[in-house]
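Below: the structure, in structure tokens.
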Amino acid sequence: MEYLLGQDWEITPAGGATGKAYIAKHQDEQQLFLKRNSSPFLAVLSAEGIVPKLVWTKRVENGDVITAQHWLQGRELRPEEMATGRVARLMSKIHSSQPLLSMLEKLDKEKVDPYTSMRHLEQQLDAEVMMHEDVHSALEFLYEYLQEVRHGEYVVCHGDINHNNWLLSDEDELYLIDWDGAMIADPAMDLGMLLYKYVEAGDWEEWLAQYGLAFTPHLHLRMKWYAIVQVLASIQWDKDTGRLHEMNKGLRELAQILGR
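To get my numbering, take the position in the sequence shown, counting from 1, and add 57.
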């Protein structure tokens, strides 16, 4: 990676699960965020202003593609900031973007419908997780409403809208980063997790109005359905990776969703 930029740059790993991200710092204090083999989708996200600006893309001798983005000084959103109108508006911009959808379609991303979601979930969940009473209740709910949650609108969904993936720069610019799990799906996939996790139920109608949607019983059902799917997958992942504290937190979160 060093030979790509020259000796004036100091390159350090940026952390993360993939080990493919780096921070490059120049002697004049300029900084770049480098990533190995990121999706071509990144260029469209940059052009749409959803992620920090893409500076360049280079292919190296071994065939890897390296992308460089501006490194922005800023911070993650706090959980309570997820209930703000600017989050709703950026989420709406993402879900409404035809360039983002066209690019994912070119990359042959399959549409994630309720049946696909259930098939993936059935392959993930093990017998021990399914023994939990709330997990059993959640699966019954998913099967009961499998037909009813079908929806004709498919958009680009982020798939992991946790507050730590929202970046607020020191210039007060808001971005949604870490798009490795992007998919084509019902917008309720993102909206359900966001609202159930971060927004008081009494504020949903106003938040959705800023997003540009009316809060209907069918939207509520779809959001609940997809929120349950995502929490169940998260519970299994936390168990598989030995994060038992997080797994128990997920089980409590599941119980709250079932009650709402």
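All C-beta atoms in this analysis are idealised placements derived from N, C-alpha and C, irrespective of residue type, glycine included.
request  = With a 10 Å radius around its C-beta and 16 neighbouring C-beta atoms as the bar for buried, classify Gly249 as buried or exposed.
outcome  = Counting from one through the sequence shown, the residue named residue 249 turns up at place 192. Gly249 comes out buried.
request  = Could you tell me which of Asp297, Val286, Thr298 and Ala78 sits nearest to Glu310, measuring between CA atoms?
outcome  = One-based indexing of the sequence shown puts residue 310 at position 253. Cα-wise, what sits closest to Glu310 is Val286.
query = Since Tyr79 sits in a beta bridge, which residues does DSSP pair it with?
reply = As a first step, residue 79 must be located in the sequence shown, where it is residue number 22. Tyr79 has Pro70 and Leu91 as its beta-bridge partners, per DSSP.
ask   = Of the choices Ser96, Ala184, Met246 and Ser291, whose alpha-carbon is the least far from that of His277?
value = In the sequence shown, counting from the first residue as 1, residue 277 sits at position 220. Of the listed residues, the one whose Cα sits closest to His277 is Met246.
inquiry  = Taking the alpha helix (DSSP H) that Thr173 belongs to, which residues open and close that run?
reply    = In the sequence shown, the residue the question calls residue 173 occupies position 116. Here the alpha helix (DSSP H) through Thr173 covers Pro171 to Gln181.
message = Quick check on the DSSP output: what are the complete alpha helix (DSSP H) runs of length 4 or more inside the stretch 220-284, in order along the chain?
response = 245-255 and 261-268
ask   = Can you list the alpha helix (DSSP H) stretches of 4 or more residues lying completely in the stretch 119-156, in chain order?
value = 142-153
task = My understanding is that Leu147 touches Leu233, with C-beta atoms under 8 angstroms, so please give their C-beta distance in whole angstroms.
result = Start at 1 with the first residue of the sequence shown, and residue 147 comes out as number 90. Start at 1 with the first residue of the sequence shown, and residue 233 comes out as number 176. Sure, about 6 angstroms apart at Cβ, within 8 angstroms.
ask   = Can you name the residues that DSSP bridges to Val108?
value = Along the sequence shown, one-based indexing puts residue 108 at 51. Paired residues: none, contrary to the question.
query = Per DSSP, which one or two residues make a beta bridge with Arg116?
reply = Numbered from 1 along the sequence shown, position 59 holds the residue referred to as residue 116. Val122.
ask   = Do you know offhand how far Leu315's Cα is from Ile292's?
value = Position 258 of the sequence shown, counted from the first residue, corresponds to residue 315. Position 235 of the sequence shown, counted from the first residue, corresponds to residue 292. For Leu315 and Ile292, the distance between alpha carbons rounds to 15 angstroms.
Beta-bridge partners of Val101, as assigned by DSSP = Residue 101 sits at position 44 when you count from the first residue of the sequence shown. Answer by DSSP bridge pairing: none, since Val101 is not bridged.
message = For Lys168 and Tyr211, I'd like the C-alpha separation in whole angstroms.
response = Counting from 1 along the sequence shown, the entry for residue 168 is found at position 111. Counting from 1 along the sequence shown, the entry for residue 211 is found at position 154. Straight-line spacing of the CA atoms in Lys168 and Tyr211 works out to 7 angstroms.
inquiry  = Given this structure, state the Cα-to-Cα distance separating Ala258 from Cys214, to the nearest angstrom.
reply    = Taking the first residue of the sequence shown as position 1, residue 258 is located at position 201. Taking the first residue of the sequence shown as position 1, residue 214 is located at position 157. If you take the alpha carbons of Ala258 and Cys214, they lie about 22 angstroms apart.
query = What did DSSP end up calling Lys306 once you bin it into helix, strand or coil?
reply = Mapped onto the sequence shown, residue 306 falls at position 249. Looking at Lys306 - three-state DSSP - the assignment turns out to be helix.
inquiry  = Quick check on Pro70: buried or exposed, where buried means 16 or more other Cβ atoms within 10 Å of its Cβ?
reply    = Numbered from 1 along the sequence shown, position 13 holds the residue referred to as residue 70. Counting Cβ neighbours within 10 Å, Pro70 comes out exposed, since fewer than 16 surround it.
inquiry  = Given this structure, state the Cα-to-Cα distance separating Tyr11 from Asp229, to the nearest angstrom.
reply    = The question about residue 11 has no answer here: the residues shown for the chain are numbered 58 through 317.
task = Reducing DSSP to helix, strand and coil, say where Lys296 ends up.
result = By 1-based counting over the sequence shown, the position of residue 296 is 239. DSSP places Lys296 in helix when its eight states are reduced to three.
request  = Look at the Cβ atom of Ile241, then the Cβ atom of Leu161, and state whether they are nearer than 8 angstroms.
outcome  = To locate residue 241, count along the sequence shown from 1; it is residue 184. To locate residue 161, count along the sequence shown from 1; it is residue 104. For Ile241 and Leu161, yes; Cβs fall inside 8 angstroms.
message = Would the stretch 262-271 count as touching the stretch 132-151 if we require 3 or more Cβ pairs under 8 angstroms?
response = yes
key: Reduced DSSP secondary structure (H/G/I, E/B, other) of Lys168   = Position 111 of the sequence shown, counting from 1, holds the residue named residue 168. Looking at Lys168 - three-state DSSP - the assignment turns out to be strand.
query = With Arg93 and Lys115 assumed to form a contact (beta carbons below 8 angstroms), what rounded beta-carbon distance in angstroms separates them?
reply = By one-based count along the sequence shown, residue 93 stands at place 36. By one-based count along the sequence shown, residue 115 stands at place 58. About 11 angstroms separates the CB atoms of Arg93 and Lys115; that is not less than 8 angstroms, and the two are not in contact.
query = Secondary structure at Val212, three-state DSSP: helix, strand or coil?
reply = Locating residue 212 in the sequence shown gives position 155, counting from the first residue. Of the three classes helix, strand and coil, the one that applies to Val212 here is strand, per DSSP.
key: For Asn222 and Gln216, the rounded distance between their alpha carbons   = Taking the first residue of the sequence shown as position 1, residue 216 is located at position 159. Taking the first residue of the sequence shown as position 1, residue 222 is located at position 165. Checking the sequence, you will find Gly at residue 216 rather than Gln. Cα to Cα, Gly216 sits roughly 11 angstroms from Asn222.
message = Mapping the DSSP letters down to three states, classify Ile218 as helix, strand or coil.
response = By 1-based counting over the sequence shown, the position of residue 218 is 161. If DSSP states are grouped into helix, strand and coil, Ile218 belongs with coil.
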